[in-house]
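For any residue, its number in this note's numbering is found by taking its place in the sequence shown, counting from 1, and adding 6. Below is one structure; the comments refer to it alone.
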Amino acid sequence: MKKTIITCAVTGNIVTREHHPKLPVTPEEIAVAAIDAARAGAAIVHIHVRDPESGKPSMRVDLYRQVFERIRNSSDVIVNLTTGEGGRFTPSDDDPRVAAEGTTLTTPERRVAHVVELRPEICSLDFNTMVSGRNVVINTPRNVRLMAEAIVSAGVKAELEVFDSGHIHMAKDLIAEGVLPGPHLFQIVTGVKYGAASTPQTIMYLQSLLPADCEWTAFGLGRMEFPIAAQAFLLGGHVRVGFEDNVFIRKGELARDNAQLVEKAVRLLRELGGEPASSNEAREILGLKT
C-alpha cells in the first residue's frame with residue numbers, strides 16, 4: 007500500500023478568531039503553524055495570507071513572500087499557495103450588476119501573481135462557480151485557463167480544486183486540451199453549502215469521475231473533517247485537515263492548534279492500516295522534483 011499524503015490548511019479565508027482565538031493571522035503565525043503541522047506529520051501545507059491588522063484575507067505578494075521564506079528556511083515541507091482569493095462577487099441589492107461590499111473579483115493575472123513570483127511546488131486552482139454564503143464564487147473557463155497557463159509556465163503543479171461533478175468535467179477538458187500536463191492532483195471539496203455533500207456516496211461518485219491515473223485528496227468541512235479523511239483513505243486517496251476546514255478536535259472542544267489536527271489524522275491513518283508520507287515521499291508520489 008502506498009503511503010498517504012496529509013495536507014494541512016492552516017488558515018483559509020473564512021475562519022476568524024471569533025471561531026478560534028489562536029487562528030494564525032500574521033505571516034509569522036502562519037509560518038509557525040505550517041512548520042508545526044509539518045513536524046506533526048503533514049507533508050504539504052496549504053497557505054492563505056491575512057492582513058496582519060484587520061485579519062481579513064489578503065492577496066499581497068509581500069505577505070506570501072514572508073510566509074513562504076519563513077517556511078522554506080525551517081522545513082522541507084511542500085508549500086501549496088492558494089489562488090482562490092479574488093474570485094468572489096457580491097451583487098448589490100438594488101442593482102445586481104454592481105458589486106457590493108465583500109466583492110474581491112479581480113483578474114486571473116492578479117490572482118496568480120504571487121505564484122508566478124514565488125514559484126512554490128504546488129498551488130491550488132479552483133474550478134468552482136457556485137454560491138458561497140452571500141457571495142458567488144466565479145471561475146469562468148476562460149479565467150481558469152489563463153490561470154492554469156500562468157501556473158504551468160511558472161513550473162508549478164496545480165492542485166485541481168473541485169466542489170462538484172461539473173468542475174471535474176471542466177478540469178478534464180483542460181487536461182484533454184493539453185493546458186494542464188500530468189501527473190495530475192485533484193482535491194475534492196465537500197461540505198460547502200450548495201456544493202458536494204460530505205457523504206460516502208458523494209466521495210465515491212466524484213472519485214469515479216477522476217482520471218484513472220491521477221492522485222487525489224478529499225476533505226470535509228466542520229464535523230465531517232475526519233469521517234471524510236477516513237473515507238478518502240479507504241478509497242485510495244489522500245487527506246486534508248486544518249483550521250481552514252475545522253477548528254475542533256472533537257465535539258465541543260477546540261483544537262489546540264493545527265498540529266493537533268494533523269496528529270489525529272496520523273493516528274487515524276495508522277488505525278486503518280495506513281502510514282503518512284514524508285514530504286520527500288509525497289514529492290515522489292506527486293511527480294515533483296526532489
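Where a beta carbon is used, it is the ideal one built from N, C-alpha and C, also for glycine. Owing to the predicted nature of the structure, the values given are computational and were not obtained by experimental measurement.
Review point. Just how far apart, CA to CA, sit valine 121 and alanine 160?
Key: 8 Å
Practice item. Would you mind giving the Cβ-Cβ distance between alanine 298 and cysteine 14, rounded to the nearest angstrom? I have them listed as a contact below 8 Å. Key: Not covered by the structure: residue 298. The range shown for the chain is 7 to 296.
Review point. If valine 242 and proline 233 are in contact, beta carbons under 8 Å, what's the gap, nearest whole angstrom?
Key: Position check: residue 242 holds glycine in this sequence, whereas valine was assumed. Incorrect: roughly 17 Å between the Cβ atoms, too far for contact.
Point to revise | Buried/exposed call for serine 130, threshold 16 Cβ in 10 Å | key: buried
Review point. Quick check: the region 213-224 against the region 177-194, are there 3 or more CB pairs under 8 Å?
Key: yes
Check your understanding: Which partner residues does asparagine 141 have in the DSSP bridge list?
Key -> Ser138
Point to revise | Coarse secondary structure for histidine 175, derived from DSSP in three states | key: helix
Point to revise | Reduced DSSP secondary structure (H/G/I, E/B, other) of histidine 120 | key: helix
**Study point:** When His244, Gly258, Ser285 and Lys295 are compared against alanine 271, the one with the closest alpha-carbon
**Key:** His244
Review point. What's the gap between the Cα of phenylalanine 95 and the Cα of valine 137?
Key: 10 Å
Check your understanding: In three-state terms, what does DSSP make of alanine 288?
Key -> helix
Check your understanding: Can you tell me the Cα-Cα spacing of glycine 139 and glycine 201, whole angstroms?
Key -> 11 Å
Review point. Over what stretch of residues does the beta strand (DSSP E) that includes glutamate 221 continue unbroken?
Key: 221-226
Check your understanding: In three-state terms, what does DSSP make of glutamate 127?
Key -> coil
Check your understanding: leucine 278: which of Phe239, Asp263 and Leu294 sits nearest, CA to CA?
Key -> Phe239
Point to revise | Residue environment, tyrosine 70, which counts as buried when at least 16 other CB atoms sit within 10 Å | key: buried
Check your understanding: Taking the alpha-carbon positions, what's the threonine 196 to lysine 163 distance?
Key -> 22 Å
Practice item. Let me know the secondary structure DSSP gives leucine 240 once reduced to three states. Key: helix
**Study point:** Span of the beta strand (DSSP E) around asparagine 264
**Key:** Here asparagine 264 belongs to no beta strand (DSSP E); instead the alpha helix (DSSP H) covers 264-277.
Review point. Which first and last residues belong to the alpha helix (DSSP H) in which arginine 45 is found?
Key: 33-46
Practice item. Give me the Cβ distance between asparagine 19 and proline 63, rounded to the nearest whole Å; I'm assuming they're in contact under 8 Å. Key: 4 Å
Review point. If you compare alpha carbons, which of Ala40, Ile144 and Ala182 is closest to isoleucine 12?
Key: Ala40
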